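A short worksheet on the structure shown next.
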Amino acid sequence: MTTTAQTQTPSAKSASAAETAKVLSRPSRSFWRDAWSRLLHNKAAVAGALVILFFMFVAIFAPLLAPHNPLELNSGKGFLPPMWVENSSTGKAGTPEFILGTDNLGRDVLSRVIYGARVSMVVGFIPTLIIVVVGVSLGMISGYFGGSTDNLLMRLTDIVYAFPDLLFFIIVMTALRATALGQFLNGLFLLFVALALVNWVGVARLVRGQVLSLKEKDFVLASRAVGAKDTRIMIRHILPNSLGVIIVAMAFLIPGAIITEAILGYLGLGLRPSTDPTDIFITSWGSMLLEGQTAINNQPWILLAPAIAVALVVLSFNFLGDGLRDALDPRLRE
Amino acid sequence: MAVSVDVAQKDLLVVQNLKTYFPVRSGVFQRISAWVKAVDDVSFTVKEGETFGLVGESGCGKTTVSRSILRLIPSNEGTVFFDGQDVFNLRSNELKALRRNMQIVFQDPYSSLDPRMPVGDIIAESLLIHGVKDRKQRNAVVQEMLAKVGLNPYHAHRYPHEFSGGQRQRIGIARALALNPRFIVCDEPVSALDVSIQSQILNLLKDLQREYGFSYLFVAHDLSVVEHISDRVGVMYLGKLVEVTTREDLYREPLHPYTQALMSAIPVPDPRRRRERIVLKGEVPSPLNPPPGCRFHPRCPIAKDICKQEIPAFEEKRPGHFVACHLVEQGGRSTPVN
Numbered sequence: 607m608t609t610t611a612q613t614q615t616p617s618a619k620s621a622s623a624a625e626t627a628k629v630l631s632r633p634s635r636s637f638w639r640d641a642w643s644r645l646l647h648n649k650a651a652v653a654g655a656l657v658i659l660f661f662m663f664v665a666i667f668a669p670l671l672a673p674h675n676p677l678e679l680n681s682g683k684g685f686l687p688p689m690w691v692e693n694s695s696t697g698k699a700g701t702p703e704f705i706l707g708t709d710n711l712g713r714d715v716l717s718r719v720i721y722g723a724r725v726s727m728v729v730g731f732i733p734t735l736i737i738v739v740v741g742v743s744l745g746m747i748s749g750y751f752g753g754s755t756d757n758l759l760m761r762l763t764d765i766v767y768a769f770p771d772l773l774f775f776i777i778v779m780t781a782l783r784a785t786a787l788g789q790f791l792n793g794l795f796l797l798f799v800a801l802a803l804v805n806w807v808g809v810a811r812l813v814r815g816q817v818l819s820l821k822e823k824d825f826v827l828a829s830r831a832v833g834a835k836d837t838r839i840m841i842r843h844i845l846p847n848s849l850g851v852i853i854v855a856m857a858f859l860i861p862g863a864i865i866t867e868a869i870l871g872y873l874g875l876g877l878r879p880s881t882d883p884t885d886i887f888i889t890s891w892g893s894m895l896l897e898g899q900t901a902i903n904n905q906p907w908i909l910l911a912p913a914i915a916v917a918l919v920v921l922s923f924n925f926l927g928d929g930l931r932d933a934l935d936p937r938l939r940e
Numbered sequence: 007m008a009v010s011v012d013v014a015q016k017d018l019l020v021v022q023n024l025k026t027y028f029p030v031r032s033g034v035f036q037r038i039s040a041w042v043k044a045v046d047d048v049s050f051t052v053k054e055g056e057t058f059g060l061v062g063e064s065g066c067g068k069t070t071v072s073r074s075i076l077r078l079i080p081s082n083e084g085t086v087f088f089d090g091q092d093v094f095n096l097r098s099n100e101l102k103a104l105r106r107n108m109q110i111v112f113q114d115p116y117s118s119l120d121p122r123m124p125v126g127d128i129i130a131e132s133l134l135i136h137g138v139k140d141r142k143q144r145n146a147v148v149q150e151m152l153a154k155v156g157l158n159p160y161h162a163h164r165y166p167h168e169f170s171g172g173q174r175q176r177i178g179i180a181r182a183l184a185l186n187p188r189f190i191v192c193d194e195p196v197s198a199l200d201v202s203i204q205s206q207i208l209n210l211l212k213d214l215q216r217e218y219g220f221s222y223l224f225v226a227h228d229l230s231v232v233e234h235i236s237d238r239v240g241v242m243y244l245g246k247l248v249e250v251t252t253r254e255d256l257y258r259e260p261l262h263p264y265t266q267a268l269m270s271a272i273p274v275p276d277p278r279r280r281r282e283r284i285v286l287k288g289e290v291p292s293p294l295n296p297p298p299g300c301r302f303h304p305r306c307p308i309a310k311d312i313c314k315q316e317i318p319a320f321e322e323k324r325p326g327h328f329v330a331c332h333l334v335e336q337g338g339r340s341t342p343v344n
């Protein structure tokens, strides 16, 4: 650029200099933009994200997408196989009216799977949000201030870690099932609380570790040297530098919560079965697994459909989580 | 302690008997089992507008001194006066006001800039903290500072990873300058840089000093760098100052045997000139358990019995030339090493 500019007339020279300055002063790429473009180059992560978006869409617009009312008992149309099965062991043929067939009460399986997505999505995201808020705050305080606060909090996390998760869920869900708390949102609220109580420790430990290493960095000292307060250092310097790790942790917490819901549903401890069509959360994939296992020989699709849905969502979150980790991994930089 | 502590107008920073120890914790209950005496009784002054170089090998406590002065780490004993103000005895708003006047440039240009912040925000952070609410005003200062350190206006929107080491160090300097301080600690500001870049940064620091008239505490382990930039130099060994004098005196006639050994290690860019090198035996002892008496005695080529028993006083052996050594006579020469 400069060599050609030298041979040109003065005006052209200044024009090209201006051009150079313009090229150089293009908006710069922040860490997040770089990470975003790396994520978009990861095919598995993009596919996972698309599947997740699809299920979110399904969950939100379930009433519009479901071909039937998921609670409607179609009398005389029970035990139907999926539409592509012409002769099932029950002697009935599938019809296009019920794409994935019906259960023993004549309820449409596809519609129930569609409504089940709502529970899985909500169970994935809401407890994770609570976990991240609690875990990040406590982890930050623990790591930043250290001392006896840190000691106390870390011993608490040790205790929570040592307690068997599933046992805790079963105890909480059975003990409080009959209470008002246990009935709120068909029992979902209790599930949120139980999940959050168990899982915040992982995030708190992770964030604490991040804070411990970040607070020794010179940029934190530099900030203190100009008179920054602790809250400013935590929010403006330590949090943004830990965010990548937190996002990756979130991406792996969500499928964990979805699986837990499915397990508890299968054990009959998840969502309370609803008969009220105005409920938002009518059934969950976990509850469907429980319903489906009794008819596994005759109507495998009652079991298969929610199982595939769970597997697909969890797999997608894991792909996305892997992609996020690769995109946000600081070791790739510098 | 015979350091002249008259807070004359010219003394901007007076450090007296500074001690910074780090606790060593062990066992289940994390009891303090020992102390690392990183800085043990250090006194010196930095005059208005001068550059005070602080040299010593790694681990001798140079950096701890600089951070203690700025109250970035707590000290155990001693006092620091900045322009007559007792730095260790300030309320938080007074300390904040003081921070405007005392700034720091760090050694590692990679860890000293927040990787998630654009350069403009890094430089403007101090302004924001000190109440410059108007964004335009802050931007104007950022632009001015970038220009002062030889960067371009558009660099304000870039992130630290887009810069080279030398450029990053310039950003660090711009950040230190933004509050228009009177005193800047340069904590090995060039030791992480290539030699060719080192001189650029050193000259930048010199030019800025000429323009603004501030004082530097220049911490380094490279003697030729210190010679280039300092007016007076302090030599540290194992948490203590062993010699403080003007640059000319120190490089012409070092009195302390440790300084003499250091000086003899400076490479001479002339293959025909042969220099007597004083090679010290052994390693630097641990500051956890420093040797009794003179801390240098186990490695000192001329150590006598007294050196093993008595801690030498830090005395003015010649006008303006302080040495902590039993074997340097008052007003006279030290015993020659060989």
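Heads up: the protein sequence lines correspond to chains A and B, in order.
Heads up: the first sequence is residues 607 to 940, going by my numbering.
Heads up: the second sequence is residues 7 to 344, going by my numbering.
C-beta: ideal position from N, C-alpha, C; glycine also.
Bear in mind the structure is a predicted one, so any value in this text is a computation, not a measurement.
Within a Cβ cutoff of 7 Å, which residues of the same chain sit near residue i, ignoring the five residues on either side of it in sequence?
i                 : result
GLY874 of chain A : LEU896
GLN175 of chain B : PRO115, PRO195, LEU199, ILE207
SER197 of chain B : GLN113, ALA226, HIS227, ASP228
LYS287 of chain B : ARG305
LYS43 of chain B  : TYR27, GLY245, PRO293, PRO296
ARG724 of chain A : ALA665, ALA668, ILE886, PHE887
GLU940 of chain A : Caution is warranted here: a pLDDT of 38 is assigned to GLU940 of chain A, below 50, making its placement in the model unreliable, and the coordinate value is therefore given only provisionally. Around GLU940 of chain A: no qualifying Cβ.
Which chain A residues are close to residue i, counting only those with a beta carbon under 7 Å from its beta carbon?
i                 : result
ARG105 of chain B : ALA831, VAL832, GLY833
HIS227 of chain B : In chain order: nothing, as chain A lies at least about 17 Å away.
ARG181 of chain B : ALA828
Who are the neighbours of residue i on chain B, taking C-beta pairs under 7 Å?
i                 : result
LEU827 of chain A : LEU78
SER636 of chain A : TYR165
Using a Cβ cut-off of 9 Å, pull out every chain A residue sitting near residue i, in sequence order please.
i                 : result
ASP120 of chain B : LYS823, PHE825, VAL826, ALA828, SER829, ARG842, HIS843, PRO846, ASN847
SER135 of chain B : Residue 135 of chain B is actually Ile in this sequence, not Ser. Residues of chain A passing the Cβ test: SER829, VAL832, GLY833, ALA834, LYS835, ARG838.
Are the beta-carbon atoms of residue i and residue j separated by less than 8 Å?
i                 : j                 : result
LEU76 of chain B  : ILE110 of chain B : yes
SER72 of chain B  : ASP824 of chain A : no
VAL232 of chain B : VAL61 of chain B  : yes
GLY929 of chain A : ASN648 of chain A : yes
THR708 of chain A : GLY682 of chain A : no
VAL719 of chain A : PRO906 of chain A : no
LEU820 of chain A : ASN847 of chain A : yes
PHE189 of chain B : LEU19 of chain B  : yes
ALA184 of chain B : VAL155 of chain B : no
Could you tell me the alpha carbon to alpha carbon distance between residue i and residue j, rounded to whole angstroms?
i                 : j                 : result
GLU150 of chain B : ALA180 of chain B : 9 Å
GLU335 of chain B : ARG305 of chain B : 20 Å
VAL201 of chain B : PHE798 of chain A : 59 Å
THR608 of chain A : ALA653 of chain A : Because THR608 of chain A sits at a pLDDT of 42, beneath the cut-off of 50, its placement in the model cannot be relied upon, and the following sentence gives the value as read from the coordinates. THR608 of chain A and ALA653 of chain A: Cα-Cα distance of roughly 45 Å.
PRO883 of chain A : PHE667 of chain A : 15 Å
LYS314 of chain B : CYS300 of chain B : 6 Å
ARG783 of chain A : PRO29 of chain B  : 52 Å
VAL564 of chain A : LEU157 of chain B : In the structure as shown, chain A starts at 607 and stops at 940, and residue 564 of chain A therefore has no counterpart that could be examined.
GLY171 of chain B : PHE775 of chain A : 53 Å
GLY730 of chain A : GLN789 of chain A : 19 Å
HIS327 of chain B : ASN145 of chain B : 46 Å
PHE858 of chain A : LEU827 of chain A : 33 Å
ARG280 of chain B : GLU321 of chain B : 33 Å
PHE220 of chain B : ASP640 of chain A : 40 Å
GLU678 of chain A : VAL854 of chain A : 41 Å
LEU152 of chain B : ILE284 of chain B : 45 Å
LYS25 of chain B  : VAL93 of chain B  : 14 Å
LYS323 of chain B : GLY65 of chain B  : 27 Å
LYS835 of chain A : VAL817 of chain A : 16 Å
GLU168 of chain B : LEU845 of chain A : 21 Å
Residues of chain A with CB under 8 Å from residue i, in chain order?
i                 : result
LEU185 of chain B : VAL832
SER132 of chain B : VAL832, GLY833
SER117 of chain B : LYS823, ASP824, PHE825
Could you tell me whether any non-hydrogen atom of the ligand PLP is closer than 7 Å to the CB of residue i?
i                 : result
GLY288 of chain B : Annotation note on the ligand PLP: not contained in the displayed structure, which lists no ligands.
Using a Cβ-Cβ cut-off of 6 Å (strictly less than) and excluding sequence neighbours within five positions of residue i, which residues of its own chain qualify?
i                 : result
LYS16 of chain B  : LYS53, GLU54
VAL916 of chain A : ALA868, TRP891
VAL807 of chain A : THR763, VAL766, TYR767
Leaving out the 5 sequence neighbours to the left and right, which residues in its chain are closer than 8 Å to residue i when beta-carbon positions are compared?
i                 : result
ARG31 of chain B  : ARG37, ILE38, SER39
TRP41 of chain B  : TYR27, PHE28, PRO29, VAL30, LEU294
VAL728 of chain A : ALA665, LEU794, PHE887
Requested in this report: Give, in chain order, every residue of the segment 20-40 of chain B whose Cβ lies closer than 9 Å to some Cβ of chain A.
Outcome: GLN36
Requested in this report: Give the residues from the segment 89-115 of chain B that approach chain A closer than 7 Å (Cβ to any Cβ), ordered along the chain.
Outcome: LYS102, ARG105, GLN109, ILE110, PHE112, ASP114
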